[in-house]
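Worksheet: one structure, shown below.
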Amino acid sequence: MRVHSLFLYPVKSLAGIAVDSFELDQFGPAGDRRWMLVDDECQFVTQRTVPQLALVQPSLGADGGVSITLPGQPLIALQASGENLSVRVWRDWVQGQVGCDAANGAVSRFCGLSLRFVFMPYSSFRQVQTNLATERRRVSFADGYPLLVTNTASLVELNERLAVSVDMRHFRPNIVVDGAAAWSEDNWQPLP
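In case it helps, my numbering puts the sequence shown at residues 0 to 191.
And the structure:
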């Protein structure tokens with residue numbers, strides 16, 4: 000078994016970025032899903048509800064900063080304003096910092112509704128889903144756990160059963176492994 004590919008998702012619900020390596024921090028992969036978009040009710044939004052987000056491309060600067068590109072527009076750096084805001088991701092409420100007006104305005108105009116970028120600072124704490132966690136651990140704006148590992152053989156077998164094939168990117172993994180039997184990940188132990 001070997002690592003086939005690695006991905007970071009600097010902004011929850013936006014495209015992932017293929018990387019050669021990443022470091023792990025308290026939240027999981029450093030910089031992964033530390034930003035997300037919320038609506039006027041402070042609820043996170045996804046491409047399922049705002050499909051235009053599929054066209055918003057994140058990028059990472061050499062300094063680790065995150066920027067976005069909207070079609071036909073220049074690069075916009077995401078910066079936290081320092082304004083705190085309680086936001087909801089699934090059932091969890093967590094403190095975030097509102098992004099800068101330039102990015103918020105640009106994405107709102109592009110999507111046709113009021114949206115704000117929110118950053119999760121180190122001072123915020125969101126508990127991983129407790130059904131597998133044996134101790135108090137934190138997670139970013141990711142769905143429930145700091146790291147998602149997928150298996151290429153399982154995707155091949157899944158696609159053999161589907162009328163229309165899906166791409167691994169649909170599952171938004173951080174680590175894709177190759178060389179393991181299909182569905183063997185069902186029996187893997189959680190990473191500590």
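Using N, Cα and C, we set each Cβ at its ideal position, and we do this for glycine too.
These numbers were taken from a predicted model, which means no experiment stands behind them.
Taking C-beta to C-beta, are I75 and A101 nearer than 8 angstroms?
In this structure, A101 lies closer than 8 angstroms to I75 by Cβ.
CB contact flag (V55, L69, <8 angstroms):
At the C-beta level, V55 and L69 come within 8 angstroms of one another.
Determine the direct distance from the alpha carbon of P9 to that of C110, and round the result to whole angstroms.
Taking the CA atoms as reference points, C110 sits about 19 angstroms from P9.
Got a sec, what are the start and stop residues for the beta strand (DSSP E) R115 sits in?
115-118 is the span of the beta strand (DSSP E), which, as asked, contains R115.
For the structure I just gave you, are there three or more beta carbon pairs, one from the region 159-166 and one from the region 20-29, closer than 8 angstroms?
Judged by Cβ distances under 8 angstroms, the region 159-166 makes no contact with the region 20-29, as fewer than three pairs qualify.
By Cβ distance below 7 angstroms, which residues in the same chain neighbour L179 in space, the five residues on each side in sequence not counted?
Note on residue identity: the sequence assigns Ala, not Leu, to residue 179. Within the same chain, A179 has close Cβ partners M0, N150, A152.
Closer than 8 angstroms is the cut-off here; do at least three beta carbon pairs connect the region 121-130 with the region 38-54?
Taking 8 angstroms as the limit for Cβ pairs, the verdict is that the region 38-54 does not touch the region 121-130.
Can you tell me whether DSSP reads P28 as helix, strand or coil?
Of the three classes helix, strand and coil, the one that applies to P28 here is strand, per DSSP.
Contact between the region 135-149 and the region 170-185: three or more CB pairs below 8 angstroms?
Flag = yes, the region 135-149 and the region 170-185 touch.
Alpha-carbon to alpha-carbon, R135 and Q126:
Straight-line Cα distance between these residues: approximately 7 angstroms.
When you compare the CB positions of N103 and L114, do they come within less than 8 angstroms of one another, or not?
In contact: N103 and L114 (Cβ atoms closer than 8 angstroms).
Please state whether the Cβ-Cβ distance between G143 and F116 is less than 8 angstroms.
Using a Cβ distance threshold of 8 angstroms, G143 and F116 do not count as a contacting pair.
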